[in-house]
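Let me begin by presenting the structure, written as structure tokens, before commenting on it.
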Amino acid sequence: MKKLLPALLLLAAACKQKEYNADLLVKNAVVYTVDSTFTTANAFVVSKGKILAVGNADTLEQKYNAHEVLDAKGAAIYPGFIDAHAHFYEYGLGLQEVNLDGTKSWKEIVDSVEAYATRNTDGWIVGRGWDQNDWDKKQFPDKAKLDSLFPVRPVILSRVDGHAVIANQAALNIAGVKPGQTINGGEIETVKGKLTGILVDNAVGIVTRKIPEPTAPVVENALLSAQKNCFEVGLTTVDDCGLPYTMINTLADLQHKGSLKMRLYVMLADRQENYDYLFKRGAYKTPYLDVRAFKVYADGALGSRGACLLKPYADSAKWNGFLLSSQAHFEEVAKKIAEKGFQMCTHAIGDSANRVILKIYASVLKGKNDRRWRIEHSQIVAPEDVKLFGDNSIIPSVQPTHATSDMYWAGKRLGEKRLKSSGYVYKALLKQNGWIPLGTDFPVENINPMYTFYAAVERKDLKGFPEHGFQKENALTREEALRGITIWAAKANFEEKEKGSIEPGKYADFVILDKDIMKAKGAELPTVKVTGTYINGVKVYDKK
Numbered sequence: 001m002k003k004l005l006p007a008l009l010l011l012a013a014a015c016k017q018k019e020y021n022a023d024l025l026v027k028n029a030v031v032y033t034v035d036s037t038f039t040t041a042n043a044f045v046v047s048k049g050k051i052l053a054v055g056n057a058d059t060l061e062q063k064y065n066a067h068e069v070l071d072a073k074g075a076a077i078y079p080g081f082i083d084a085h086a087h088f089y090e091y092g093l094g095l096q097e098v099n100l101d102g103t104k105s106w107k108e109i110v111d112s113v114e115a116y117a118t119r120n121t122d123g124w125i126v127g128r129g130w131d132q133n134d135w136d137k138k139q140f141p142d143k144a145k146l147d148s149l150f151p152v153r154p155v156i157l158s159r160v161d162g163h164a165v166i167a168n169q170a171a172l173n174i175a176g177v178k179p180g181q182t183i184n185g186g187e188i189e190t191v192k193g194k195l196t197g198i199l200v201d202n203a204v205g206i207v208t209r210k211i212p213e214p215t216a217p218v219v220e221n222a223l224l225s226a227q228k229n230c231f232e233v234g235l236t237t238v239d240d241c242g243l244p245y246t247m248i249n250t251l252a253d254l255q256h257k258g259s260l261k262m263r264l265y266v267m268l269a270d271r272q273e274n275y276d277y278l279f280k281r282g283a284y285k286t287p288y289l290d291v292r293a294f295k296v297y298a299d300g301a302l303g304s305r306g307a308c309l310l311k312p313y314a315d316s317a318k319w320n321g322f323l324l325s326s327q328a329h330f331e332e333v334a335k336k337i338a339e340k341g342f343q344m345c346t347h348a349i350g351d352s353a354n355r356v357i358l359k360i361y362a363s364v365l366k367g368k369n370d371r372r373w374r375i376e377h378s379q380i381v382a383p384e385d386v387k388l389f390g391d392n393s394i395i396p397s398v399q400p401t402h403a404t405s406d407m408y409w410a411g412k413r414l415g416e417k418r419l420k421s422s423g424y425v426y427k428a429l430l431k432q433n434g435w436i437p438l439g440t441d442f443p444v445e446n447i448n449p450m451y452t453f454y455a456a457v458e459r460k461d462l463k464g465f466p467e468h469g470f471q472k473e474n475a476l477t478r479e480e481a482l483r484g485i486t487i488w489a490a491k492a493n494f495e496e497k498e499k500g501s502i503e504p505g506k507y508a509d510f511v512i513l514d515k516d517i518m519k520a521k522g523a524e525l526p527t528v529k530v531t532g533t534y535i536n537g538v539k540v541y542d543k544k
């Protein structure tokens, strides 16, 4: 008996050491927790969809009896990536339409439309992605060729930013658009008394409202197709900006069924029916769906000269762009959103639009606060206005790839001096509140957060241009960029206590990469691939 006693004590001790059960142990990893001190670890434990413990593998293996063990074999692991500004549903619909991304001429676009029409013989022809700034002849096209090819079938093709379209005569006829017609906050281009087919900003809706609503199967396919591509690049939460309230039940139903696993932070569009819905119902919150914000548009895009500028465009001497609604409208919605306790997120590109919205926000917020009202894009901000972000705790929500896409022609729109002092000043904006959320604005830009990370730290495009970076003084550090696509993006959504870092109590959303982006050479960053994406500790993407 005396001989058995030490053995029994050792056995009891061993059993006591593994006193907790868990679903998953991840070990032999370089875990970037992205906590407040940017701690790294080599292991963590998951239980019931949440992080249970983070630390050393030996310690965790002794304490936890895990149902499954994932040996990362030295790979780098990060919190699930969050895109703080995108158009998830719109991107999914676009996957079923004519893809015009990267087209280099109007002829190439027409050829793409013809090919699509051959494969899809009924209904409207809808496409997106053209950018006249990428063509040799950098001017808006004319609808004549579309009219000759499609005299009856309606065609509408959106510019890459969605703020301008070209429509054929069949589409214009359905919408009742006439030569010389005007609209506030938009433009219906007429040359020598004839429509060219170009519609800018508010004019776009005249035609798009006539496009038949997609069927339920098309909507579901769009959402699930978007999800698939997002998981492949490591996105586990996406901010979908500007949806109608009618989409909430659709999203919630698919998430409840388990087919839509993507976490979504939804901003409802600036429309009375959306205000009525959310003000009456209150914020909608589940583990997968968060609806508490409104998306408002102050102006258009720089590329289509719809951004509202303080001084005229350098390449259009008598044109400043325009606001899409009156200042009175912005003041009214700001007051009622504040009164009801919701978040206001306003698209503002030009320095005039940013000034208008910053001052309206300031009049409502009245100094430091925790409302987390956001200005989406904050692309061109007059130097004297930057401090308004910090003075009133206004959050600049930016998209680094906009800078590296626009840099080829932005100087022509603004003049080099204004571009240098006011354009894409992410570092200066970061300093205002000490944090800044990052996104892509997809489908305007590529969905890949690695491109966001690369553009933020290197300030180069995928060709490695320019050699020394575009206005490199406004580059972010790698830690800042990683925080921007994780914890700071979560904070912009009031979700930093549940996601955005690998810490106990948070959702077990994480990503495994084939290279360590905190150590890889700058030129390697765009080539980094996701090998595994996890939500609630369950794999939703696996690179075979």
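When you line the sequence shown up against the UniProt record's numbering, it's residues 1 to 544, in that order. All C-beta atoms in this analysis are idealised placements derived from N, C-alpha and C, irrespective of residue type, glycine included. Bear in mind that the values here come from a model prediction, so they are computed numbers and not experimental data.
C-alpha distance - residue i paired with residue j, whole-angstrom precision
| i | j | result |
| --- | --- | --- |
| L323 | V45 | 51 Å |
| L9 | D23 | Residue placement at L9 cannot be trusted, given a pLDDT of 45 that sits under 50; what the coordinates show is reported in the next sentence. One C-alpha to the other measures close to 28 Å. |
| E187 | V204 | 9 Å |
| F231 | K529 | 12 Å |
| P141 | N249 | 39 Å |
| W409 | N133 | 7 Å |
| I198 | Q169 | 11 Å |
| K364 | K335 | The residue you asked about is not Lys; residue 364 is Val in the sequence shown. Taking the straight line joining both Cα atoms gives about 7 Å. |
| A14 | S47 | For A14, the predicted model reports a pLDDT of 48, less than 50, meaning its position is unreliable; a value from the coordinates is still stated below. Taking the straight line joining both Cα atoms gives about 21 Å. |
| A269 | K295 | 5 Å |
| N320 | D71 | 57 Å |
| A117 | G49 | 45 Å |
| W135 | F342 | 42 Å |
| L358 | V152 | 46 Å |
| G306 | A75 | 45 Å |
| T37 | E479 | 11 Å |
| Q139 | N56 | 59 Å |
| S422 | L309 | 11 Å |
| T246 | L278 | 11 Å |
| A314 | K420 | 14 Å |
| A12 | E61 | Only weak support exists for where A12 lies, its pLDDT of 47 falling under 50; the value from the coordinates is given anyway. One C-alpha to the other measures close to 17 Å. |
| K137 | W106 | 9 Å |
| A283 | K192 | 51 Å |
| G90 | E339 | Position check: residue 90 holds Glu in this sequence, whereas Gly was assumed. Going from the Cα of E90 to the Cα of E339 covers about 30 Å. |
Cβ distance (whole Å) where residue i is taken to contact residue j below 8 Å
| i | j | result |
| --- | --- | --- |
| V34 | A41 | With a Cβ gap of about 11 Å, V34 and A41 do not count as contacting. |
| S501 | P79 | 5 Å |
| A481 | V457 | 5 Å |
| N446 | T401 | 7 Å |
| L100 | L157 | 6 Å |
| S304 | H163 | 5 Å |
| N354 | D391 | About 14 Å; that fails the 8 Å criterion. |
| L513 | Y454 | Not really, about 13 Å apart at Cβ, beyond 8 Å. |
| V177 | G300 | Wrong, their Cβ atoms sit about 18 Å apart, outside the cutoff. |
Where the alpha helix (DSSP H) through residue i begins and ends
| i | result |
| --- | --- |
| T452 | P449 to E458 |
| P396 | From DSSP, P396 is part of no alpha helix (DSSP H) but of the beta strand (DSSP E) over I395 to S397. |
| G411 | A410 to L414 |
| D147 | A144 to L149 |
| W488 | I487 to A492 |
| K335 | Q327 to K340 |
| S225 | A216 to E232 |
| A481 | R478 to G484 |
Residue i and residue j closer than 7 Å at C-beta
| i | j | result |
| --- | --- | --- |
| L302 | I349 | yes |
| V286 | I82 | Looking at the sequence itself, residue 286 is Thr, so the reference to Val does not match. Taking 7 Å as the Cβ cut-off, T286 and I82 do not qualify as a contacting pair. |
| P449 | A489 | no |
| residue 545 | V540 | Nothing can be reported for residue 545, as the shown portion of the chain is limited to 1 through 544. |
| D461 | T527 | no |
| A382 | D351 | yes |
| H87 | G439 | no |
| Q227 | M262 | yes |
| I183 | V155 | no |
Cβ neighbours of residue i in the same chain (closer than 8 Å, five flanking residues each side left out)
| i | result |
| --- | --- |
| Q96 | V218, N221, A222 and S225 |
| I51 | F44, V45, I502, E503, P504, G505, K506, Y507 and A508 |
Residue span of the beta strand (DSSP E) that contains residue i, given as start and end
| i | result |
| --- | --- |
| H85 | F81 to A86 |
| E376 | R374 to H377 |
| T190 | G186 to V191 |
| T118 | From DSSP, T118 is part of no beta strand (DSSP E) but of the alpha helix (DSSP H) over W106 to R119. |
| D23 | Y20 to K27 |
| T533 | V530 to I535 |
Neighbourhood of residue i by C-beta distance below 6 Å, restricted to the same chain and skipping five residues each side
| i | result |
| --- | --- |
| I360 | F330, E331 and A334 |
| T210 | According to the sequence as given, residue 210 is Lys; it is not Thr. Around K210: I174 and A175. |
| L430 | I436 |
Close Cβ partners of residue i (< 7 Å) along its chain, the five nearest in sequence each way excluded
| i | result |
| --- | --- |
| E498 | K506 and Y507 |
| L254 | E220, L223 and L260 |
Short CB-CB distance (under 7 Å) between residue i and chain D
| i | result |
| --- | --- |
| W124 | Annotation note: the requested chain D is absent from the structure, which comprises a single protein chain. |
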